[in-house]
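K.L.:
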Amino acid sequence: MNFNLTEEQAMFRDSVAAFADRHLRDDALARAHSDDYPWEVAEKMAEAGLIGITSTAEDGGVGGTLMDAVLAIQEIAMVCPRSADVIQAGNFGAIRVLSQYGTDEQKERLLKPLLQGKALIAVAMTEPGAGSAVTELKATATPDGEGWRISGEKIFTTHGLHATVFLVYVRFGPGVDGIGSVLVERGAEGFSFGKPSRFLSGEDWNTLYFDDVYVGPENVVLGPGGFKKQISGFNVERLGNSSRALALGRHAFELAREHALNRHQFGQPLVNFQGLQWKFAEMKIKAEAAQLLLYRAAAGADTGFPSPQDTAIAKIACNRAGFDMANEAMQIMGGTGYSEESLVEYCFRRTRGWMIAGGTIEILLNRVAEGVFDRRLPIREKAA
């Protein structure tokens, strides 16, 4: 059993770190507080082969592994936390589903510009009455000739203000087997947006309205019965979430470490105080444990998608470790960490949100418990 990266993985990690240091370090704070999507970063990353890492070379990607994508997102986040969002959108989640299940025509028309960093895809899944209970979604796909009419609304869509195309979860029919997904492009007739709202993280979202939006057969990704495949793809998005959470926690940790080494109080550096030493030791242990669980989940994706059980465990561990490190780093740095002049407060806000997004801690604990007992543990109220 070997817990070290291979020589190739280490070289790739180092090359990504060098790219981040060269192109992203200088404006990291400004990007964190910008409302715009960093399109210029996306194009640079595409040129460097950091978008479409797990997409096949035939589709215009790099043909790498999920572990490669995890290494990339963590190295980018360690230098520029905001730019890690570009790696997430360009390698995890919706783009992975399109790459895995899209038709050749869909890949040529929609995946190609995504891999060039010139377009952005978002997953439209959550609804006002279907969050954690995603199988209760109500957005419908009604047959119309060779295509479908999409009606419903979606909320909490990451990158909703900037995405050029949306992977929309819809109901073709009753039950879980009736759920699939379609692609809806920005500007489609009947597709509109509500007023933007802001998360604590600083990200904006707006309600997406689908009013009898026509979707031709060429924009259906997964028809009825495709839900399980979609969720398999969503597990990849969860690993992107996990990777960023842990990396932002580490980013805050390093800022606090430098602060403790250089800041003096009572005539000596903060690092001399045992109370702070123990904080750093606890953070280090949590980070190392979470990192190994993340690597296990990523390395175990031999067939294209990671194990739901390994993913749940990794996300819980990384979410908790990332937030705890950011939280403790803020406490250690005091007013400096609480100020927007430092990226610690940004890391704090973002890591807190990832404990909700992509599957709440509580829902994933349910998933882990099902593995413990080797059975489904229903939480829905039985019909009378």
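Note that this note's numbering numbers the sequence shown so that position 169 is 164, with each residue one more than the last. Just so you know, even glycine gets a beta-carbon here, dropped at the ideal spot from N, CA and C. Given the structure is predicted, the values throughout are model-derived calculations rather than measurements.
Excluding the five sequence neighbours on either side, which residues of its own chain have a C-beta within less than 8 Å of the C-beta of A158, listed in chain order?
P.N.:
Answer for A158: L115, I116, A117, T152, R181, listed in chain order.
K.L.:
So, helix, strand or coil for S176, using DSSP?
P.N.:
Of the three classes helix, strand and coil, the one that applies to S176 here is strand, per DSSP.
K.L.:
Leaving aside the five residues before and after V266 along the sequence, list all residues of the same chain whose C-beta is less than 6 Å from its C-beta, in chain order.
P.N.:
Excluding positions up to five away in sequence, the list reads A255, L256.
K.L.:
Check the DSSP bridge columns for S146 and list the partner residues they point to.
P.N.:
BP columns for S146 point to T135.
K.L.:
Write down the C-beta distance between G332 and A324 rounded to the nearest angstrom, noting that I regard them as a contact closer than 8 Å.
P.N.:
That belief holds up - the Cβ atoms of G332 and A324 are roughly 6 Å apart, short of 8 Å.
K.L.:
Beta-carbon separation of G317 and G235 under 8 Å?
P.N.:
No. Outside cutoff.
K.L.:
Please report the Cβ distance between F188 and N201, rounded to the nearest whole angstrom; I am assuming they are in contact, meaning their Cβ atoms lie under 8 Å.
P.N.:
Right, the Cβ-Cβ distance comes to about 5 Å (below 8 Å), so this counts as a contact.
K.L.:
Using 8 Å as the threshold, is the C-beta distance between P301 and A293 below it?
P.N.:
For P301 and A293, yes; Cβs fall inside 8 Å.
K.L.:
Please report the residue range of the beta strand (DSSP E) in which S237 lies.
P.N.:
It is not in any beta strand (DSSP E) - S237 instead sits in the alpha helix (DSSP H) that spans 222 to 257.
K.L.:
Specify the secondary structure class of P373 as computed by DSSP and reduced to three states.
P.N.:
Of the three classes helix, strand and coil, the one that applies to P373 here is coil, per DSSP.
K.L.:
Relative to the C-alpha of G147, which residue among V160, Y164, G155, P138 is closest?
P.N.:
Cα-wise, what sits closest to G147 is Y164.
K.L.:
With contact counted as at least three CB pairs below 8 Å, one residue from each stretch, are the region 352 to 366 and the region 275 to 284 in contact?
P.N.:
Result no; under three Cβ-Cβ pairs closer than 8 Å.
K.L.:
DSSP three-state label for Q260, please.
P.N.:
Q260: strand per DSSP, three-state reduction.
K.L.:
Spatial neighbours of A379 within its chain, please: C-beta separation below 8 Å, excluding the five flanking residues on both sides.
P.N.:
With a pLDDT of 39 at A379, under the threshold of 50, the modelled position of this residue cannot be trusted, and the question is left open.
K.L.:
What are the start and end residues of the beta strand (DSSP E) that includes R20?
P.N.:
Run containing R20: none; DSSP gives neither H nor E here.
K.L.:
What residue does the beta strand (DSSP E) around I116 start on, and which one ends it?
P.N.:
First-last of the beta strand (DSSP E) with I116: 116 to 119.
K.L.:
For A307, which three-state DSSP category applies?
P.N.:
Looking at A307 - three-state DSSP - the assignment turns out to be helix.
K.L.:
In chain order, what residues of the same chain have a beta carbon less than 6 Å from the beta carbon of G175, not counting five sequence neighbours either side?
P.N.:
Closer than 6 Å at Cβ, skipping near neighbours: F167, L217, G218, P219, G221.
K.L.:
Between which two residues does the alpha helix (DSSP H) harbouring R291 extend?
P.N.:
Note, R291: alpha helix (DSSP H), 269 to 294.
K.L.:
In chain order, what residues of the same chain lie with their CB nearer than 7 Å to the CB of R8, ignoring the 5 residues before and after it?
P.N.:
Result list for R8: L0, L66, E70, in chain order.
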